[in-house]
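Read through the structure below, which is laid out as structure tokens, and then see the notes.
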Amino acid sequence: LEPTRAQDVSLLVDWLTRYGYLPPPDPAQAQLQSPAKLRDALKVMQRFAGLPETGLMDSQTVGAMRKPRCSLPDVLGAAGLVRRRRR
Amino acid sequence: YALSGSVWRKRSLTWGVRSFPQGSQLSHDKVRTLLNYALAVWGSESGLSFHEVDTQRQEPDILIDFVRAYHQDSYPFDGLGGTLAHAFFPGEHPISGDTHFDDEETWTYGVKDGEGTDLFAVAVHEFGHALGLGHSSAPSSIMRPFYQGPVGDPAKYRLSPDDLEGLQQLYGRVHQTPHRPTRRPLAPPPQPPTQLPDRNRPSVPAPDRCEGNFDAIANIRGETFFFKGPWFWRLQPSGQLVSPRPAGLHRFWEGLPVQVQMVQAAYARPGDGRILLFSGPQFWVFRDRQLDGPPRPLTELGLPPGEVVDAVFSWPSNGKTYLIRGQRYWRFDEAARRADPGYPRDLSLWEGAPPAPDDVTVSNTGDTYFFKGAHYWRFPKGSVKVEPDFPQPMGPQWLDCPASTSDPHVPKPPQATPRSRACDCKCEINR
Numbered sequence: 024l025e026p027t028r029a030q031d032v033s034l035l036v037d038w039l040t041r042y043g044y045l046p047p048p049d050p051a052q053a054q055l056q057s058p059a060k061l062r063d064a065l066k067v068m069q070r071f072a073g074l075p076e077t078g079l080m081d082s083q084t085v086g087a088m089r090k091p092r093c094s095l096p097d098v099l100g101a102a103g104l105v106r107r108r109r110r
Numbered sequence: 004y005a006l007s008g009s010v011w012r013k014r015s016l017t018w019g020v021r022s023f024p025q026g027s028q029l030s031h032d033k034v035r036t037l038l039n040y041a042l043a044v045w046g047s048e049s050g051l052s053f054h055e056v057d058t059q060r061q062e063p064d065i066l067i068d069f070v071r072a073y074h075q076d077s078y079p080f081d082g083l084g085g086t087l088a089h090a091f092f093p094g095e096h097p098i099s100g101d102t103h104f105d106d107e108e109t110w111t112y113g114v115k116d117g118e119g120t121d122l123f124a125v126a127v128h129e130f131g132h133a134l135g136l137g138h139s140s141a142p143s144s145i146m147r148p149f150y151q152g153p154v155g156d157p158a159k160y161r162l163s164p165d166d167l168e169g170l171q172q173l174y175g176r177v178h179q180t181p182h183r184p185t186r187r188p189l190a191p192p193p194q195p196p197t198q199l200p201d202r203n204r205p206s207v208p209a210p211d212r213c214e215g216n217f218d219a220i221a222n223i224r225g226e227t228f229f230f231k232g233p234w235f236w237r238l239q240p241s242g243q244l245v246s247p248r249p250a251g252l253h254r255f256w257e258g259l260p261v262q263v264q265m266v267q268a269a270y271a272r273p274g275d276g277r278i279l280l281f282s283g284p285q286f287w288v289f290r291d292r293q294l295d296g297p298p299r300p301l302t303e304l305g306l307p308p309g310e311v312v313d314a315v316f317s318w319p320s321n322g323k324t325y326l327i328r329g330q331r332y333w334r335f336d337e338a339a340r341r342a343d344p345g346y347p348r349d350l351s352l353w354e355g356a357p358p359a360p361d362d363v364t365v366s367n368t369g370d371t372y373f374f375k376g377a378h379y380w381r382f383p384k385g386s387v388k389v390e391p392d393f394p395q396p397m398g399p400q401w402l403d404c405p406a407s408t409s410d411p412h413v414p415k416p417p418q419a420t421p422r423s424r425a426c427d428c429k430c431e432i433n434r
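Taken in sequence, the protein lines are chains A and B.
One rule links them: number in this note's numbering = place in the first sequence (from 1) + 23.
One rule links them: number in this note's numbering = place in the second sequence (from 1) + 3.
As structure tokens, then:
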């Protein structure tokens, strides 16, 4: 249930970022996503989809991620819609 | 509902189709008709009016394209499945309101779910974005991000309360009859797409799934099927209904005799994956959706002649098949192809189970569920003792129905078999 392979983690991060549950990567920081942040994002996704909030890649969650859907993000403001403040 | 933060300042919007789907069986006129209906769904509730224009002469507010892969915006399409469509929120930018559909989907209307993607359902969703709504998590909302199958007749479709509130938050309520177009349309007024009469479509009206009282419930290849009369609903492993509208029994289960108007029990046989549907003293075996052979008598599964079943399920804990009638049950050994001796036994051995359940099924996680009326009982994986706090109403958990415990129409759960309690008795090791 915990994604362990790098490829699985990458797919999970990609999906969560694309639909607004994770902020887009900041190229200046090259920051890795922490497992805790991933779990939190997954819980938000599960709440949105009406699934039990396990924070795990259970079968229901994987099923929801594979469903055909609209391209737009679910959480507006996180997927590229946030304006960066100039220093 | 969620608002995008932008809204059209005008009440009259133009729309037009610049490119049509290439591989779809839908004609251009049918595509335009479906899109017109999808816009009208929003217009009739908001007072907004939509006028079709020729895209070669005029740039409409809502420009519609069927395109593939990368198409000059930030949302490239990904072929069949995956992302289906998107639309841009209202605004002053040329792309605002524009709506793109993935041309590599099989766009359909009026066919069985699973044989394509219903253009009308997706269009209603995308036009919600084009008018300023974001994605909603409300179960009944068309603005849920995931495709949920066809939504029925476009002429009769109505927005859910969640969508309606979001729309009226943006554009206010309608206090008069919806605005009618005053200019001549480019084509004759669209008619609802025709559907050929279907002899497999049940003639009786579809029942309300939220009332419960199903004839049969079964986990078939990870999906839960709820049978009622000549209809059934499907719940995907994700917990979402394939469609809130039921499918016709005979449209799906090919070869099931038309005189079989209800399925009293169903289960998927673990050994060979065949699906068994029970009605009266017989059962029918299906290989996928196709009937596989003549009807079989229940006596083949060890029941006395003339007996019928309320519920059938295969228990993963021992691989045996359980057949329940009233307060008794039989057990069938699939591997040995014979009934186990010493049966029937009393259903009270399943501690807390209701008598004569509508059906019993095992979930993808291995828990056993008894259903009766509008309630369900959960037995943890491998256990024959019901969990505390059961029964519970099945509608909210299983069928996307509102919780209505105070509703006097909802029947009270039937009394379960007695639970074990402290007693002054001895248990011999050999008993």
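Just so you know, even glycine gets a beta-carbon here, dropped at the ideal spot from N, CA and C.
As the structure is a computational prediction, the values presented were derived from the model and not from experiment.
When we look at the beta-carbon of residue i and count the other beta-carbons within 10 Å, is it buried (16 or more) or exposed?
i, result
"B/D211", "exposed"
"A/Y42", "buried"
"B/R183", "Because the pLDDT of B/R183 is 42, which lies under 50, any placement of that residue in the model is unreliable, and the number read from its coordinates should be weighed accordingly. B/R183 comes out exposed."
"B/H31", "exposed"
"A/L45", "buried"
"B/G375", "Looking at the sequence provided, one finds Lys at residue 375 of chain B rather than Gly. By the 10 Å Cβ count, B/K375 comes out buried."
"B/V312", "buried"
"B/G137", "buried"
"B/P383", "exposed"
"B/E108", "buried"
"A/G103", "Summary for A/G103: the model assigns pLDDT 34, below 50, so the residue's position carries little reliability; its value from the coordinates is reported in the next sentence. Looking at its Cβ environment, which holds fewer than 16 other Cβ atoms inside 10 Å, A/G103 is exposed."
"B/V127", "buried"
"B/Y174", "buried"
"B/G100", "buried"
"B/N222", "buried"
"B/I67", "buried"
"B/N321", "exposed"
"B/T120", "buried"
"B/A271", "buried"
"B/Q440", "With chain B covering 4 to 434 only, the question about residue 440 of chain B has no answer from this structure."
"B/A425", "With a pLDDT of only 49 at B/A425, under the threshold of 50, the placement of this residue in the model should not be trusted; the figure read from the coordinates follows. When all chains shown are included, B/A425 counts as exposed."
"A/S57", "exposed"
"B/G46", "buried"
Per the DSSP calculation, residue i is bridged to which residue(s)?
i, result
"B/S52", "B/S15"
"A/Q83", "According to DSSP, which records beta bridges pairwise, A/Q83 is partnered with nothing at all."
"B/N219", "Note on identity: in this sequence residue 219 of chain B is Ala, with Asn being the wrong assignment. The partner list for B/A219 (beta bridge, DSSP) reads B/F230."
"B/W333", "B/L326"
"B/Y379", "B/F374, B/Q395"
"B/K388", "B/E354"
"B/V20", "B/I67"
"B/R147", "According to DSSP, which records beta bridges pairwise, B/R147 is partnered with nothing at all."
"B/P308", "Answer by DSSP bridge pairing: none, since B/P308 is not bridged."
"B/Q293", "B/E257, B/R290"
"B/P300", "B/Q285"
"B/S317", "B/T324"
"B/T368", "Partner(s): none; B/T368 has no beta bridge."
"B/D362", "B/F374"
"B/L136", "B/L6"
"B/D349", "B/R331"
"A/C93", "B/A88"
"B/R341", "B/D336"
Starting from the beta carbon of residue i, find every residue of chain D whose beta carbon is closer than 7 angstroms, and list them in chain order.
i, result
"A/D97", "Absence of chain D from the displayed structure is noted, the protein chains being A and B."
**Message:** Could you check whether the region 72-92 of chain A touches the region 137-155 of chain B, counting it as contact only if at least three pairs of C-beta atoms, one from each stretch, sit closer than 8 angstroms?
**Reply:** Because the criterion of three Cβ pairs below 8 angstroms is met, the region 72-92 of chain A and the region 137-155 of chain B touch.
**Message:** Check whether the region 244-260 of chain B and the region 294-307 of chain B touch, using three or more Cβ-Cβ pairs below 8 angstroms as the test.
**Reply:** Yes, the region 244-260 of chain B touches the region 294-307 of chain B.
**Request:** May I have a chain-ordered list of the beta strand (DSSP E) segments no shorter than 3 residues that lie completely inside the region 226-288 of chain B?
**Result:** The DSSP assignment places 226-231, 234-238, 268-271, 278-282 as complete runs of the beta strand (DSSP E) inside the region 226-288 of chain B, in order along the chain (cut-off: 3 residues).
**Request:** Could you list the residues in the region 104-116 of chain B with a C-beta less than 9 angstroms from some C-beta on chain A, going in chain order?
**Result:** Interface annotation for the region 104-116 of chain B against chain A: D105, E108, criterion Cβ-Cβ distance under 9 angstroms.
**Asked** Using 8 angstroms as the threshold, is the region 229-241 of chain B in touch with the region 263-271 of chain B, meaning 3 or more CB pairs across them?
**Response** As far as the Cβ criterion goes, the region 229-241 of chain B touches the region 263-271 of chain B, which means the pair count is three or higher.
**Three CB pairs or more closer than 8 angstroms across the region 325-337 of chain B and the region 352-366 of chain B** = Yes: the two stretches touch, three or more of their Cβ pairs being nearer than 8 angstroms.
**Request:** Counting only runs of 3+ residues fully inside the region 37-123 of chain B, write out the beta strand (DSSP E) ranges in chain order.
**Result:** As far as the region 37-123 of chain B is concerned, its whole beta strand (DSSP E) runs of at least 3 residues are 52-55, 65-70, 86-90, 102-105.
**Interface residues of the region 233-245 of chain B facing chain A [CB-CB below 9 angstroms]** = Listed in chain order, the positions of the region 233-245 of chain B with a beta carbon within less than 9 angstroms of a beta carbon of chain A are Q239, P240, S241, G242, Q243.
**Inter-stretch contact (C-beta, 8 angstroms, three-pair minimum) for the region 358-374 of chain B and the region 308-323 of chain B** = Contact holds between the region 358-374 of chain B and the region 308-323 of chain B, because three or more Cβ pairs, one in each stretch, are under 8 angstroms apart.
**Message:** Three or more C-beta pairs under 8 angstroms: does that hold for the region 19-29 of chain B against the region 125-139 of chain B?
**Reply:** With contact defined as three or more Cβ pairs closer than 8 angstroms, the region 19-29 of chain B and the region 125-139 of chain B are not in contact.
**Prompt:** Are the region 245-258 of chain B and the region 381-399 of chain B touching by the rule of at least three beta carbon pairs closer than 8 angstroms?
**Reply:** No, they do not touch.
**Message:** Does the structure place the region 231-247 of chain B close enough to the region 276-285 of chain B that three or more beta carbon pairs sit under 8 angstroms?
**Reply:** Short answer: they don't touch.
**Item:** Touch test, the region 72-91 of chain A against the region 236-244 of chain B, Cβ-Cβ under 8 angstroms, three pairs minimum
**Value:** In this structure the region 72-91 of chain A touches the region 236-244 of chain B; the number of beta carbon pairs closer than 8 angstroms is three or more.
**Request:** Taking only beta carbons into account, state which residues of the region 74-107 of chain B come closer than 7 angstroms to chain A, listed in chain order.
**Result:** For the region 74-107 of chain B, which is checked against every Cβ of chain A, the residues closer than 7 angstroms are Y78, G84, G85, T86, L87, A88, H89.
**Request:** Report the residues of the region 40-51 of chain B with a CB closer than 7 angstroms to any CB of chain A, ordered along the chain.
**Result:** Answer set for the region 40-51 of chain B: empty.
**Message:** Tell me which residues of the region 52-83 of chain A have at least one Cβ-Cβ distance to chain B shorter than 8 angstroms, keeping chain order.
**Reply:** From the region 52-83 of chain A, only R70, F71, A72, G73, L74, S82, Q83 have a Cβ closer than 8 angstroms to chain B.
**Asked** If you measure beta-carbon to beta-carbon, which residues of the region 296-324 of chain B are closer than 7 angstroms to chain A?
**Response** Look at the region 296-324 of chain B: it has no residue with a C-beta under 7 angstroms from a C-beta of chain A.
**Contact residues within the region 150-167 of chain B, judged by C-beta distance below 7 angstroms to chain A** = Here the close residues are Y150.
**Asked** Given a limit of 8 angstroms on CB to CB distance, which residues of the region 128-140 of chain B reach chain A?
**Response** Within the region 128-140 of chain B, those residues whose Cβ lies closer than 8 angstroms to any Cβ of chain A are, in chain order, H128, E129, H132, G137, H138, S140.
**Item:** Proximal residues, the region 366-399 of chain B versus chain A, C-beta separation under 9 angstroms
**Value:** Result list: N367, T368.
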